[in-house]
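Before any comments, here is the structure.
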Amino acid sequence: MAKFDAEKIRGDFPILSVTTNGKRLVYLDSAATSQKPIQVIKEIDRYYREYNANIHRGVYKISEEATQAYEDSKRKVASLIGAKGIEEIVYVRNATEAINIVALSWADENIKKGDRILITEMEHHSNIVPWQILSKKKGAVLDYVKIDADTGMLDEESISEQLSKKPKLLSITHASNVLGTINSISEISKEAHDAGATVLVDGAQSVPHMPVKISELGCDFLAFSGHKMLAPTGIGVLYGRSEILEKMPPAFGGGDMIMSVDHQSFTSNDLPWKFEAGTPNIEGGIGLGAAIDYLNGIGMEDIKAHEKSLTRYALKCMEESGIRTFGPKDEKARVGAIPFEIDGVHPHDVATIFDSEGVAIRAGHHCAMPLVVEVLKKPAVSRMSFYIYNTEEDIDKAMEAVSKVKKTFKLS
Ligand code: 7TS
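Going by the numbering used here, 215 is the number at position 214 of the sequence shown; the sequence numbering is gapless.
So this is what it looks like as structure tokens:
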């Protein structure tokens with residue numbers, strides 16, 4: 002493997018040469034969505050120029066080509082996460098839709114009145130609200146594993162205590178989009194399975210940033226979004242263990258998800274097509290395939306190492322500058338998403354001043370209100386997050402923006 006070359010990688014991302022507010026764009030919001038390399042953009046462009054057609058329908062050449070490219074991209078996803086094959090890879094719009102399909106299909110069949118569903122206090126709304134809707138509909142109980150607000154880690158006693166109540170489902174994030182915390186999924190899913198639970202892992206913030214294998218996670222479902230891993234928006238993945246997917250009813254009805262239909266009934270198509278009703282996001286699938294090729298070209302281990310090193314550097318710079326950060330202090334326990342606050346300044350003002358310096362960060366509740374508002378007890382926090390194209394120079398620019406915030410608010 003060639004040495005990690007951030008400058009060469011940056012050259013593949015056209016957007017990184019734009020200026021914003023007269024400054025070079027410093028993009029530190031990849032936890033929200035990643036930028037796209039030219040290789041992905043070109044592959045989508047080539048699809049529309051050379052073989053745009055609907056899939057699984059035409060008998061003509063370009064339709065076969067489109068079908069082939071769409072299915073090939075699923076093979077790449079299956080191999081990336083170590084799934085058995087494309088029968089376990091359902092394409093959806095995003096991680097949110099993947100989780101909702103499990104709620105609409107698996108949970109609708111398996112969760113009964115009085116059953117318990119277990120999530121954690123560090124979930125994104127997409128892994129909270131579907132379970133609130135389902136619990137209300139079924140009369141089920143929604144429980145939370147507590148987190149320690151100081152360390153940003155799950156409270157281990159709370160995990161054991163909650164699992165002793167025998168939840169039917171544990172739905173848990175692999176990495177927190179706010180705190181950056183990486184949860185020890187392999188141990189937790191083993192404990193959860195021993196307690197009789199089915200396990201869904203939200204991999205939206207892990208799959209793009211580190212090697213993630215189903216065999217290591219030991220989960221039954223894995224949800225993630227293409228747009229956070231160099232692919233276009235509107236394509237995401239629901240991985241499901243084939244034995245479970247086989248038993249699940251389709252969540253949506255329509256074209257392509259059926260084998261046959263008569264006046265009163267239908268028979269479902271084979272996996273994974275049973276879960277993909279209607280014309281899918283073909284360009285998205287093809288773009289995701291190209292994105293995975295690009296990530297594999299660098300190597301997920303090297304991507305992880307690069308982001309750890311940036312995270313260590315950023316945590317050190319922020320500590321030296323007296324800025325409060327949240328989440329684990331050790332970069333080994335987290336991904337490259339760092340929430341922070343500058344005392345006495347509203348996070349939205351921080352983000353606005355950063356923007357005036359060309360530095361794009363997010364401020365707000367990060368779609369994790371129970372965590373930010375109820376656990377951290379903040380109305381909002383600022384967050385910088387990294388990806389393959391970021392460098393220490395980007396973090397230096399962010400620290401210059403911090404100095405400008407302090408100057409503007411006369412803090413030093
Ligand atoms: N799960 C986690 C852990 C996430 O971080 C996100 C998006 C989602 C699920 C939902 O992803 P979607 O693609 O379905 O929207 N997180 C963020 C964020 O941190 N800032 O913007 C979106």
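Backbone N, C-alpha and C define an ideal beta-carbon position, used for all residues, glycine too.
All values derive from a computational prediction rather than experimental measurement.
Would you say the beta carbon of residue i comes nearer than 6 Å to a heavy atom of the ligand 7TS?
i	result
I367	What sits at residue 367 in the sequence shown is His, not Ile. Yes.
H194	no
S226	yes
S127	yes
N178	yes
Q133	no
N101	no
A252	no
T174	yes
T182	no
Q36	no
With residue i as the anchor, note down where its alpha helix (DSSP H) starts and where it stops.
i	result
I343	Segment: none, I343 is in no alpha helix (DSSP H) and carries neither H nor E.
R384	Here R384 belongs to no alpha helix (DSSP H); instead the beta strand (DSSP E) covers V382 to S386.
I414	Residue 414 is absent from the structure shown; the chain starts at 2 and stops at 413.
S80	K62 to I82
Cutting at 8 Å between CB atoms, please list the residues of its own chain near residue i, excluding the five before and the five after it.
i	result
L412	I343, D344, G345, V346 and V406
G359	T20, T21, N22, G23, K24, R25, L26, V27 and K398
Start and end of the beta strand (DSSP E) containing residue i?
i	result
T174	L170 to T174
M319	It is not in any beta strand (DSSP E) - M319 instead sits in the alpha helix (DSSP H) that spans M301 to E321.
D439	No answer is possible for residue 439: the residues shown for the chain start at 2 and end at 413.
R117	R117 to T121
L201	T199 to D203
Less than 6 Å between C-beta atoms, sequence neighbours within five positions excluded: which residues of the same chain meet that for residue i?
i	result
V146	T121, L155, S159, I160 and Q163
A1	Here the chain covers residues 2 to 413 and nothing more, so residue 1 does not appear.
I1	A query on residue 1 cannot be resolved here, the shown segment of the chain reaching from 2 to 413 and no further.
K309	E332
M2	Residue placement at M2 cannot be trusted, given a pLDDT of 48 that sits under 50; the coordinates are not used to answer.
I10	I389 and Y390
For residue i, write down the residues that DSSP places opposite it in a beta bridge.
i	result
T21	K24
F267	V262
L155	I148
V238	Y92 and F225
V360	V27
V142	R117
I183	A176
G365	V382
Can you name, in chain order, every residue of its own chain whose Cβ lies under 7 Å from the Cβ of residue i, other than the five neighbours on each side?
i	result
I215	I82, G83, A84, L223 and Y240
P250	S106 and E110
I148	T121, E122, M123, M154, L155, D156 and V376
P38	D13, F14, L231 and Y295
Heavy atom of the ligand PLP less than 6 Å from the Cβ of residue i, yes or no?
i	result
N95	With respect to the ligand PLP, the structure shown offers nothing to examine, as its ligands consist of the ligand 7TS.
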